[in-house]
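Down below is the structure, laid out as structure tokens.
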Amino acid sequence: MGWTSFAWLNPLSWLTAAYVKKESAARRAVEAEAAAAARPDPAGAALLAPQALAELPACVRRNLERVGASADDFTLVTAQQSGEFRHGKNLPWRALAATQVVSPRVPAFFWAARCGFLPLMGLRGFDCRAGGKGSVDWRFWGWLPALSGAGPLTDRAMLVRWLAEAPGYPQALLPSPLLRWEAVPGCDDKARAVLTHRGTTVSGIFTFDEAGLVASFRSDDYVRPLPRGETERRTWIVRYSGHKAVPVAGALGRGKLVPTEYAAYRVEPGSGEEYCYVTFRFDSVAAQ
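Structure below.
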């Protein structure tokens, strides 16, 4: 007898099944968009010519050369991650496990995670950007709504997130019709990345260390959803560490020099205090 034979014993299982269906659909949408982005455009649509590498700020050019970004030609990158999350500055950390599926060619990604929230209360959900639309859906026990978001502000937030996580798939940081780089006046170790997709433009400043590796990302364009449909806009910072050559399954045995640990911070308005609310590390990476 299958699972459905006993589903009637727990009426809430149907709500969980509805969420699982939505989660699966979001992942498939990202996979389809990634595949489409890898195919030549039969219509030959006119796109803005990307910047020449020689035109990039020196710190960006050095980083792209150091990590071998131009050697990649991936369609889809899938990563297993583990880390910790806390819902507020003074709340305890909770372990999380996540799966990320991302297109390095176009701003599309799916990130699903599970974590313990309170004793006997699990939290499950996903963040996604597909077809230029962002969505956030988190639920207690996989069925009770905890946090959700959609609409133009979420579209923008998920575009910022794709940009912030791009150091994990360096070909995404190459100049393209969607992405351009600008120098930051007076700063040799910083550059602004400007990303435009489906009518939405966001930007953020990357800082590079003495070895030419990416150290941090800072953006004022991130807006996060809050309970009861509210939103909050704060400066958002991501710091990168643990740079090493990571084996990439499906990449002909080549490893990629990427940061393996990320920590995200929110900046308190007024005081400027930073607090970290999520950390994660890459456990495995596969590409196709």
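Sequence positions in the sequence shown follow mature numbering (1 follows the signal peptide of the UniProt record, and there is no 0) and run -18 to -1, 1 to 270. All C-beta atoms in this analysis are idealised placements derived from N, C-alpha and C, irrespective of residue type, glycine included. Source: prediction; values computed, not measured.
Rounded to whole angstroms, what is the Cα-Cα separation between residue i and residue j?
i: G235; j: Y151; result: Because the pLDDT of G235 is 49, which lies under 50, any placement of that residue in the model is unreliable, and the number read from its coordinates should be weighed accordingly. Those two C-alpha atoms are separated by around 16 Å.
i: A94; j: R48; result: 30 Å
i: A246; j: V166; result: 22 Å
i: L35; j: F264; result: 29 Å
i: E212; j: G70; result: 16 Å
i: G65; j: E256; result: 19 Å
i: A61; j: A268; result: 6 Å
i: S253; j: H179; result: 33 Å
i: A(-2); j: L105; result: 15 Å
i: F262; j: K238; result: 18 Å
i: V228; j: F188; result: 21 Å
i: V59; j: L38; result: 25 Å
i: C41; j: G50; result: 14 Å
i: A17; j: K115; result: 17 Å
i: T217; j: S117; result: 20 Å
i: R143; j: S198; result: 13 Å
i: L141; j: P89; result: 7 Å
i: I219; j: V249; result: 8 Å
i: A11; j: G168; result: 42 Å
i: A193; j: K172; result: 13 Å
i: T242; j: R210; result: 34 Å
i: residue 280; j: V196; result: Outside the shown range of the chain (-18 to 270) lies residue 280, about which nothing can therefore be said.
i: Y222; j: F67; result: 16 Å
i: Q33; j: H225; result: 27 Å
For residue i, which three-state DSSP category applies?
i: D191; result: coil
i: G124; result: coil
i: A79; result: strand
i: Y1; result: helix
i: P251; result: coil
i: Q63; result: strand
i: E37; result: helix
i: G168; result: coil
i: A8; result: helix
i: A148; result: helix
i: T183; result: strand
i: R215; result: strand
Check the DSSP bridge columns for residue i and list the partner residues they point to.
i: D203; result: Paired residues: none, contrary to the question.
i: F56; result: F56 pairs with nothing; no bridge assigned.
i: P161; result: A small fix is needed here, since residue 161 is Leu in this sequence, not Pro. Partner(s): L177.
i: G70; result: Bridge partners of G70: none, in fact.
i: A90; result: S85
i: P241; result: H225
i: E256; result: V249
At a threshold of 7 Å, does residue i count as lining the ligand FMN (C-beta to nearest heavy atom)?
i: D137; result: Inclusion of the ligand FMN in the displayed structure is not the case, the ligand content being empty and no account of it being possible.
On the three-pair Cβ rule with 8 Å, is the segment 205 to 219 touching the segment 69 to 84? no
Stretch pair the segment 10 to 24 + the segment 153 to 163: three plus CB contacts closer than 8 Å: No, the segment 10 to 24 is not in contact with the segment 153 to 163.
Segment contact flag, the segment 3 to 19 with the segment 126 to 140, C-beta cutoff 8 Å, min 3 pairs: no
On the three-pair Cβ rule with 8 Å, is the segment 195 to 203 touching the segment 107 to 126? no
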